[in-house]
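Numbering (the UniProt record's numbering), first residue to last: 1 to 66. Here a beta-carbon is modelled for each residue, glycine too, at the ideal position from N, C-alpha and C. In what follows, a structure is listed as structure tokens, so that the remarks can point back to it.
See the structure below:
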């Protein structure tokens, strides 16, 4: 089974890049088969981009105001 271990939203020239890391774990024994595996993609779906914008707006409005 793959377990998500980290995520990031990165603003790039291509658009919103979603980077994530995960571990691959044996479901029977719990043994970590692979860890710190990395992948990324550019967000293209309008609904997903709206969700990303909501997250960024929340951070700006609640965590960055002084």
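Does the stretch 19-35 come into contact with the stretch 48-56, if we say contact requires no fewer than three beta-carbon pairs (one atom in each stretch) closer than 8 Å? By the C-beta criterion, the stretch 19-35 is judged not to be in contact with the stretch 48-56, since fewer than 3 inter-stretch pairs fall below 8 Å.
Which residues in the same chain as residue 37 place their Cβ atom closer than 6 Å to its Cβ, once the five residues preceding and following it in sequence are excluded? Answer for residue 37: 22, listed in chain order.
Can you find the residues in the same chain that come closer than 6 Å, C-beta to C-beta, to residue 42, ignoring five residues on each side of it along the sequence? Hits under 6 Å: 14, 15, 17.
For residue 3 and residue 27, I'd like the C-alpha separation in whole angstroms. Distance between the alpha carbons of residue 3 and residue 27 is about 11 Å.
Through-space distance from residue 55 to residue 63, alpha-carbon basis: Each residue's alpha carbon lies about 11 Å from the other.
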